[in-house]
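Participant: One structure follows; several queries about it will come next.
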Ligand code: GLU
């Protein structure tokens with residue numbers, strides 16, 4: 115791995131420097147060295163030393179300032195979900211995190227040679243924490259959209275999910291048509307409401323004459339379906355049980371933990387959600403992260419992690 119060759123180069127360079135230093139300090143040692151080291155080997159060693167030193171110098175320039183700052187800090191700070199089984203899940207007793215996104219974060223930290231520190235984020239808080247510099251990146255079921263790409267960098271997608279809707283069986287709702295005239299709970303800062311309206315228009319269950327993808331606001335939409343926005347998913351689940359909302363809409367991976375007895379998904383799944391690692395726009399770290407994700411997609415690492423986390 116690149117990281118190893120980097121350390122090997124630094125180690126070799128240091129060893130060569132020490133040898134030279136020792137040699138300079140003692141004529142006897144210098145003589146002995148000349149005696150025992152054939153000329154050809156000396157040339158090889160010198161060439162190796164030069165290569166190692168130039169590689170080490172390239173390494174110094176390899177990382178941009180922002181990436182070097184993470185390395186110097188010794189900790190990569192990552193925003194993750196804490197209740198999305200298979201992606202980002204925190205065991206309430208042990209406090210341990212697990213899931214695909216947790217493992218990817220750990221691998222990024224490992225590449226940089228630093229520890230990893232997780233911060234639980236929601237759809238509403240993840241970008242604020244990234245913008246404020248509290249976290250270095252977001253690995254939190256964060257869907258790549260053109261609009262979001264204007265504000266943050268996203269890696270190549272590492273997983274694709276779909277949006278669906280969870281309802282109480284007692285509601286009798288089974289499909290998109292059944293949602294007409296209903297109030298749907300969604301998370302603020304999520305793609306869910308817009309995805310649902312687009313799906314309902316696509317299915318022909320609402321006309322959507324006033325729909326404009328650019329200006330769509332869940333709080334203002336009342337044509338055929340309306341939305342109640344919440345800060346987190348447990349609150350939406352409670353609101354669904356209490357009848358405050360008729361349905362709960364978000365990515366299927368997120369809904370899984372709330373899919374308890376007496377609740378069902380509607381028939382349709384829609385709006386592919388490509389998850390990417392979000393980083394500060396224009397940062398050197400964006401390039402590093404994308405390179406790593408692309409590599410792990412190409413060599414089957416991500417496929418392996420998807421299978422291990424039961425996400426196939
Ligand atoms: N993945 C969707 C989004 O990024 C749902 C929200 C969430 O990830 O919590 O908007």
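In my numbering, the protein residues as written are 115 to 426.
The beta-carbon is built from N, C-alpha and C at its ideal position, and this holds for glycine as well.
1) Please list, in chain order, all residues with a C-beta atom less than 6 angstroms from at least one heavy atom of the ligand GLU.
2) Residue range of the alpha helix (DSSP H) that residue 352 falls in?
3) What residue range is occupied by the uninterrupted beta strand (DSSP E) comprising residue 427?
4) Ignore the nearest five residues each way along the sequence and tell me which others in residue 305's own chain have a CB closer than 8 angstroms to its CB.
5) Please say whether residue 236 and residue 365 have beta carbons closer to each other than 8 angstroms?
6) Tell me where the alpha helix (DSSP H) around residue 225 begins and ends.
7) To the nearest angstrom, report how far apart residue 178 and residue 208 are at their CA atoms.
8) Can you tell me which of the three DSSP states residue 158 falls into?
9) Counting C-beta neighbours from all protein chains within 10 Å, is the total for residue 332 16 or more, i.e. buried, or is it exposed?
10) Going by DSSP, what residue range makes up the beta strand (DSSP E) through residue 282?
11) Does the Cβ-Cβ distance between residue 185 and residue 218 come in under 8 angstroms?
12) Just to confirm my understanding: we take residue 373, look at its own chain, exclude 5 residues before and 5 after, and list those with CB closer than 8 angstroms. What are they?
13) Give every residue of the same chain whose Cβ lies closer than 7 angstroms to the Cβ of residue 325, excluding the five residues on either side of it in the sequence, and list them in chain order.
14) With H, G and I counted as helix, E and B as strand and the rest as coil, what does DSSP make of residue 135?
15) Tell me the rounded alpha-carbon separation between residue 362 and residue 269.
16) Three-state secondary structure (DSSP) at residue 178?
17) Let me know the secondary structure DSSP gives residue 405 once reduced to three states.
18) Go ahead and label residue 263 buried or exposed: buried means 16 or more other beta carbons lie within 10 angstroms of its beta carbon, across all protein chains shown.
19) Given this structure, state the Cα-to-Cα distance separating residue 426 from residue 336, to the nearest angstrom.
20) Restricting to Cα atoms, I'd like to know which of 393, 412, 213 is closest to residue 247.
21) Would you identify the three-state DSSP class for residue 119, choosing helix, strand or coil?
22) Whole angstroms is fine: what's the gap from residue 275's alpha carbon to residue 228's?
23) Would you report the Cα separation of residue 371 and residue 203, rounded to the nearest angstrom?
24) Can you check DSSP and say which residues form a bridge with residue 253?
25) Can you say whether residue 193 is buried or exposed, counting buried as having 16 or more other CB atoms within 10 angstroms of its CB?
Facilitator: Looking at the atomic coordinates:
1) 237, 255, 256, 257, 301, 304, 305, 306, 364, 365, 368, 387
2) 347-356
3) Missing from the structure shown is residue 427; the chain here goes from 115 to 426 and no further.
4) 257, 259, 277, 385, 387
5) no
6) 214-226
7) 36 angstroms
8) Confidence is the limiting factor: at residue 158 the pLDDT is only 47, short of 50, which leaves the residue's position unreliable, though a coordinate-based value still follows. Correct three-state label for residue 158: helix.
9) buried
10) 273-282
11) no
12) 280, 379
13) 311, 315
14) With a pLDDT of only 35 at residue 135, under 50, the local geometry of the prediction cannot be trusted, and the value read off the model is given with reservation. Three-state DSSP puts residue 135 in a helix.
15) 28 angstroms
16) coil
17) helix
18) exposed
19) 36 angstroms
20) 393
21) Confidence in residue 119 is poor, its pLDDT being 38 and thus under 50, which makes the residue's placement unreliable; the coordinate value appears in the next sentence. In this structure, residue 119 counts as helix in the three-state DSSP scheme.
22) 30 angstroms
23) 10 angstroms
24) 194
25) buried
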